[in-house]
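If you read the sequence shown in my numbering, its first letter stands for residue 3, the second for the next number, and so on.
What follows is one structure encoded as C-alpha cells, with my remarks underneath.
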Amino acid sequence: MSLPINSVRLDTLLFLKKKIMIQLTKNEINHTEVTESVRSHNAGAVVLFLGTVREMTEGKRTLALDYDAYSEMAEVKLAELEKLAFEQWEITKVTIVHRLGHLDLGDISVAVAVSSPHRGDSFEAGRFIIDKLKETVPIWKKEHWEDGSTEWIHPQ
C-alpha cells in the first residue's frame, strides 16, 4: 500500500518501514484501513483525522477539487514530518494518505492516523502532522468554483 521513499537515507528508511506508512494515491481513501494500519497492542489510543472536500470556502461554492503533487519531494517531506513526530511524542505508529486527482464534494482528501500509549500524544502528533503537511508538503489543490472559475491553492 505504501509508495517507495526514494531520497531518504537507509537508516531512516529502516525506521520508516517499521512504524509509518506514507501513500499518495488516486484511489478513494479507506478510513477503516488507515485506522487499522496504526492499531497495536502497545497503543491505548488511535486518533484519525480526515480532511474532506467542503462545499463553501470563504463564501464561494466549491464544486470539486483537483490535487497535484511533486510526488518524490512530497514523500520525503512526509517522512520528515513523521520522523519529527516520533522524536517529539511517544507515539506507536503513523499513517498518512493523501489523495491526488479529481475529488468531488464529500470525498476524503487526506487521512492522518496516529497511535500511542496515551491519547494526548496521538492528538498532539496528529495535529502537528496535518498542520505541517499543509504548510510544507508540495501538494497543491485546484478549486473549481460554481461560477466556472478555477484557482490553484498552494501549501500555506
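Glycine included, C-beta positions come from ideal geometry on N, C-alpha and C.
- Taking a C-beta distance under 8 Å as the contact criterion, S118 and E148 do not qualify as a contact pair.
- In the three-state scheme derived from DSSP, where H, G and I count as helix and E and B as strand, V49 is classed as strand.
- If you compare the alpha carbons of A71, Y72, T97, T152 with that of L83, the shortest gap goes to T97.
- Residues T59, T64, L67, T152, E153, I155 of the same chain have their beta carbon placed closer than 7 Å to that of E145, with the five preceding and five following residues left out of the count.
- In the DSSP annotation of this structure, the continuous segment of the alpha helix (DSSP H) that includes K85 starts and ends at 73-90.
- Within the DSSP secondary-structure output, I110 pairs in a beta bridge with T54.
- By the 16-neighbour rule on beta-carbons within 10 angstroms, K28 is exposed.
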